[in-house]
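Novice: In our numbering, the protein residues as written are 27 to 242.
Glycine included, every Cβ here is placed at the ideal spot set by N, Cα and C.
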């Protein structure tokens with residue numbers, strides 16, 4: 027009888043303690059996931075920065091352009107690019123209706139910019155100018171549904187009173203070291219969106235290419 031009483035007491039204590047133990051485990055699991063995601067974000071930011079640093083040597087031309095042979099070197103590129111001195115500045119707003127996205131655009135793809143919105147990589151072409159403007163964003167936040175875009179979808183960039191309308195023409199997956207996604211065009215104003223792939227990893231990059239179809 028005493029043994030059963032002890033068993034019942036222990037069971038009662040376990041039942042009482044279960045909510046607390048369950049909450050403690052959930053908090054631990056949440057902290058583990060947050061730390062894991064923070065590490066992935068750090069890796070992604072480092073790789074976005076590496077893309078920016080490599081950009082000066084990436085002299086290829088986008089497939090939209092007519093001839094790779096006509097591509098100028100970095101030294102004689104005639105069109106404006108985003109300068110490092112502008113990092114942190116607000117550039118405009120990115121809107122993609124097909125995935126219900128509206129997000130601010132900042133100069134630079136560092137942690138401070140990617141926490142608040144998407145960031146234009148230093149050294150890429152200015153929005154609306156001839157060349158290739160590259161915007162980086164975290165997959166787990168603003169670019170979470172970027173993989174749902176389809177060729178033909180519209181991307182809108184608002185720069186103050188100016189509205190730029192781009193049309194998606196290519197979506198693909200590349201390795202993090204593939205800098206060809208930032209290739210410039212001599213004849214077109216291109217927009218390239220860059221984020222991690224798959225979701226919650228930084229193994230590869232999801233790339234969306236679009237061309238400017240109208241500006242007003």
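Could you tell me which whole alpha helix (DSSP H) segments of length 4 or greater appear in the stretch 137–183?
Specialist: If we require 4 residues or more, the alpha helix (DSSP H) runs fully inside the stretch 137–183 come out as 137–142.
Novice: So, with DSSP's three-state summary, where would you put residue 123?
Specialist: It is helical.
Novice: Throw me the rounded Cβ distance for the residue 139 and residue 178 pair, which I believe falls under 8 Å.
Specialist: Going by Cβ atoms, the distance from residue 139 to residue 178 rounds to 29 Å, so no, they are not a contact pair.
Novice: Quick one: using the 10 Å Cβ neighbour count with 16 as the cut-off for buried, is residue 224 buried or exposed?
Specialist: The residue in question, residue 224, is exposed, as its Cβ has fewer than 16 Cβ neighbours within 10 Å.
Novice: How would you call residue 236, buried or exposed, if buried means at least 16 neighbouring beta carbons within 10 angstroms?
Specialist: Buried, since its Cβ has 16 or more Cβ neighbours within 10 Å.
Novice: Among the residues of its own chain, which have a CB less than 7 Å from the CB of residue 155, if the five just before and after it don't count?
Specialist: So the qualifying residues of the chain are 105, 106 and 215.
Novice: Is DSSP giving residue 208 helix, strand or coil here?
Specialist: In the structure shown, residue 208 sits in a helix (DSSP, three-state: H, G or I).
Novice: On the DSSP letters alone, give me the boundaries of the beta strand (DSSP E) that residue 195 sits inside.
Specialist: Residues 188–200.
Novice: For residue 128, which residues from the same chain have a beta carbon less than 7 Å from its beta carbon, with the 5 sequence-adjacent residues on both sides left out?
Specialist: So the list reads 119 and 121, once near-sequence residues are dropped.
Novice: Using the Cα positions of residue 153 and residue 238, report the straight-line distance between them to the nearest angstrom.
Specialist: Straight-line Cα distance between these residues: approximately 9 Å.
Novice: Can you name the start and end residues of the beta strand (DSSP E) that residue 239 belongs to?
Specialist: 230–241 is the span of the beta strand (DSSP E), which, as asked, contains residue 239.
Novice: Give me the DSSP bridge partner(s) of residue 107.
Specialist: Residue 107 pairs with 151.
Novice: Nearest to residue 15 by CA position, among 231, 195 and 159, is which residue?
Specialist: Within the shown structure, residues of the chain are numbered from 27 to 242, placing residue 15 beyond reach of any answer.
Novice: Please check the pair residue 208 and residue 169, which I expect to be a contact at CB under 8 Å, by giving their CB distance rounded to whole angstroms.
Specialist: That pair is no contact at about 17 Å.
Novice: Near residue 217, which residues of its chain fall below 6 Å by C-beta distance, leaving aside the five closest residues on each side in sequence?
Specialist: These residues qualify, in order along the chain: 159, 192 and 236.
Novice: Report the residue from 227, 124 and 141 whose alpha carbon sits nearest the alpha carbon of residue 202.
Specialist: Of 227, 124 and 141, the residue nearest in Cα terms is 227.
Novice: Let me confirm a value: residue 89 is counted as buried when at least 16 other C-beta atoms fall within 10 Å, else exposed. Which label applies?
Specialist: With a pLDDT of 49 at residue 89, under the threshold of 50, the modelled position of this residue cannot be trusted, and the question is left open.
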